[in-house]
Amino acid sequence: MKNTVKINSVDLINADCLHFIQSLPDDSIDLIV
């Protein structure tokens, strides 16, 4: 399950990191906390 909250130009995504990160293009993440 993936939950996304958009605040101005920021997308906060709550998801299973190991599965979700595979679907993202290279160099598209600025911060993981």
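In our numbering, the protein residues as written are 3 to 35. For every residue, glycine included, the Cβ atom is placed at its ideal position computed from N, Cα and C. Bear in mind the structure is a predicted one, so any value in this text is a computation, not a measurement.
Item	Value
Cβ neighbours of residue 14 in the same chain (closer than 6 Å, five flanking residues each side left out)	7
Any beta strand (DSSP E) of 3 or more consecutive residues that is wholly inside the stretch 8-35	12-16
Length of the line joining the Cα atoms of residue 12 and residue 27	17 Å
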